[in-house]
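Participant: Numbering (this note's numbering), first residue to last: 1 to 276. Could you have a look at this structure, given as C-alpha cells, before my questions?
What follows is the structure, given as C-alpha cells:
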C-alpha cells in the first residue's frame with residue numbers, strides 16, 4: 001500500500017455504502033477476548049484460525065488490537081494490503097488465511113499507534129466494513145485485552161456469533177477475565193467458553209505436568225461464569241519460537257484441535273453475514 005493509499009484509508013469518512021459490504025459473505029464471526037495482556041490471547045486467536053484452516057475452512061483474522069497488534073508477526077505477514085475499487089484487499093498468509101491489521105498499514109512494525117478512542121473505533125469499523133474478506137467460513141477477531149473502547153466498538157458494530165475467553169491460572173488473570181465476561185454478557189455477546197493458557201509445563205524428560213503459575217483455576221472459573229471449559233493449553237517454548245519467527249502455521253497444534261472443534265460445535269447454524 002502506497003503512502004497515498006495509507007493516507008486515504010486513515011482519513012476515509014464514515015458513512016455511505018461500500019462495495020465490500022455487499023460482496024462479503026461471512027458465515028461465522030468469533031472474537032477472542034482476555035481480561036489482561038500477557039495471557040496469550042493473540043496466540044489463541046491465531047491458533048484457532050490455523051486449526052480451522054487445516055480443516056479446509058476459509059478463514060480470516062481481523063486484528064482489532066490496534067495499539068498492540070501482533071497477528072501479522074505471528075503469521076509472517078509483511079505485505080501491505082492493496083486498495084481496489086471494491087475495497088481493501090487483506091494480506092494472505094502461506095496457507096491462505098486472510099489477515100488485516102493496523103501493523104500492515106504502518107511504515108514500520110515498530111511504529112507506535114498513539115490514537116484516541118474514536119479514531120481506533122473508526123479504524124476497526126473500516127476493517128470490518130471496507131475490507132474485501134470475500135467468502136469466509138470463519139472470521140476470527142483478536143480483541144484488545146480488557147474492556148476498552150475497541151472491544152465495545154466490535155461488540156456494537158460486528159455481528160458476533162460468540163466470544164472465546166482466554167485466561168491463565170493466576171488469580172489476577174481470573175479476576176479481570178470475569179470483568180471481560182460480564183462486559184460480553186452486558187453487550188449480549190454469547191460466550192462460547194474459556195481457554196486456560198499457560199496452564200502447565202510438560203517436563204521434557206518424564207512428561208510430568210508442572211503447574212508453574214499455580215494450580216489450575218479453569219474449572220472454578222467456568223463454574224463461576226457458567227460457561228464451558230474449551231481446554232487447557234501448556235506453556236510451550238516451541239510455540240513462542242514459532243510466533244517470533246512468523247511460523248505459527250507450522251506449529252504442531254494437536255492439543256488445540258479439540259478446542260477448535262468445541263468452538264465450531266457451539267456456534268449457531270451456518271448463516272451469511274454481509275459486512276454492515
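The beta-carbon is built from N, C-alpha and C at its ideal position, and this holds for glycine as well.
When DSSP builds the beta bridges, which residues end up paired with residue 196?
Facilitator: Paired residue(s): 167 and 232.
Participant: Counting only runs of 3+ residues fully inside the region 206-251, write out the beta strand (DSSP E) ranges in chain order.
Facilitator: For the region 206-251, whole beta strand (DSSP E) runs of length 3 or above, ordered along the chain, are 229-232.
Participant: Considering Cα atoms alone, identify which of 69, 183 and 172 is closest to residue 141.
Facilitator: Of the candidates 69, 183 and 172, the one whose C-alpha sits nearest the C-alpha of residue 141 is 69.
Participant: Report yes if the C-beta distance between residue 104 and residue 91 is below 8 Å; otherwise report no.
Facilitator: Cβ atoms of residue 104 and residue 91: closer than 8 Å.
Participant: Threshold first: 4 residues or longer. Then list the alpha helix (DSSP H) segments lying entirely within the region 69-125, N to C.
Facilitator: The region 69-125 contains these whole alpha helix (DSSP H) runs: 71-75.
Participant: Going by the CB atoms, is the gap between residue 60 and residue 97 shorter than 8 Å?
Facilitator: Taking 8 Å as the Cβ cut-off, residue 97 and residue 60 qualify as a contacting pair.
Participant: Ignore the nearest five residues each way along the sequence and tell me which others in residue 255's own chain have a CB closer than 8 Å to its CB.
Facilitator: Within the same chain, residue 255 has close Cβ partners 231, 233 and 234.
Participant: Quick check on DSSP: helix, strand or coil for residue 45?
Facilitator: In the structure shown, residue 45 sits in a helix (DSSP, three-state: H, G or I).
Participant: Output needed for residue 14: all residues of its chain with C-beta closer than 6 Å, excluding positions within five of it in sequence on either side, in chain order.
Facilitator: Note that residue 14 scores 45 on pLDDT, short of 50, meaning its location in the model is unreliable and no value can be drawn from it.
Participant: Please state whether DSSP places residue 202 in a helix, a strand or coil.
Facilitator: Correct three-state label for residue 202: strand.
Participant: Here's a check: name, in chain order, each residue in its chain whose Cβ is nearer than 8 Å to the Cβ of residue 200, leaving out the five neighbours to either side.
Facilitator: Once the five neighbours on either side are set aside, the close Cβ partners of residue 200 are 209, 210, 211, 212, 216, 232, 234 and 235.
Participant: What are the boundary residues of the beta strand (DSSP E) that includes residue 277?
Facilitator: Because the chain here runs from 1 to 276, residue 277 falls outside it and cannot be looked at.
Participant: My assumption, with CB atoms under 8 Å, is that residue 218 sits in contact with residue 229. Please give the rounded CB distance.
Facilitator: Between residue 229 and residue 218 the Cβ distance is about 5 Å, and since that is below 8 Å, they are a contact.
Participant: Excluding the 5 residues preceding and the 5 following residue 246 in the sequence, name in chain order all residues of the same chain whose CB lies nearer than 7 Å to its CB.
Facilitator: So the list reads 73, 74, 75 and 76, once near-sequence residues are dropped.
Participant: Mind checking whether residue 169 and residue 196 have CB atoms under 8 Å apart?
Facilitator: Yes, Cβ-Cβ distance for residue 169 and residue 196 is below 8 Å.
Participant: State the Cα-Cα distance for the pair residue 171 and residue 22, rounded to the nearest angstrom.
Facilitator: Each residue's Cα considered, the two are about 45 Å apart.
Participant: How close, in whole Å, do the beta carbons of residue 94 and residue 132 come, if the pair is a contact with beta carbons under 8 Å?
Facilitator: Contact flag wrong, Cβ pair sits at about 20 Å.
Participant: Nearest-angstrom Cα distance between residue 29 and residue 179?
Facilitator: Distance between the alpha carbons of residue 29 and residue 179 is about 22 Å.
Participant: Quick check on this structure: which residue in 52, 127, 80 and 154 has the alpha carbon closest to the alpha carbon of residue 33?
Facilitator: If we check each option's Cα against that of residue 33, 154 comes out closest.
Participant: For a quick check, are the C-beta atoms of residue 48 and residue 260 less than 8 Å apart?
Facilitator: Contact: yes.
Participant: Along the alpha helix (DSSP H) that carries residue 277, what are the first and last residues, could you check?
Facilitator: Past the edges of the chain, shown from 1 to 276, lies residue 277, and the structure says nothing about it.
Participant: Looking only at DSSP bridge pairs, what is residue 25 linked to?
Facilitator: Its beta-bridge partners are 135.
Participant: I need the DSSP call for residue 275, collapsed to helix, strand or coil.
Facilitator: Note on residue 275: pLDDT 48, under 50, position unreliable in the model; the coordinate value appears next. Note: residue 275 maps to coil in three-state DSSP.
Participant: Judging by CA-CA distance, which residue of 66, 116 and 147 is the nearest neighbour of residue 109?
Facilitator: Residue 109 has its Cα closest to that of 66, out of 66, 116 and 147.
Participant: With DSSP run on the structure shown, which of helix, strand or coil describes residue 184?
Facilitator: It is helical.
Participant: Closest by CA to residue 162, which one among 84, 58, 227 and 242?
Facilitator: Out of 84, 58, 227 and 242, 227 has the C-alpha closest to the C-alpha of residue 162.
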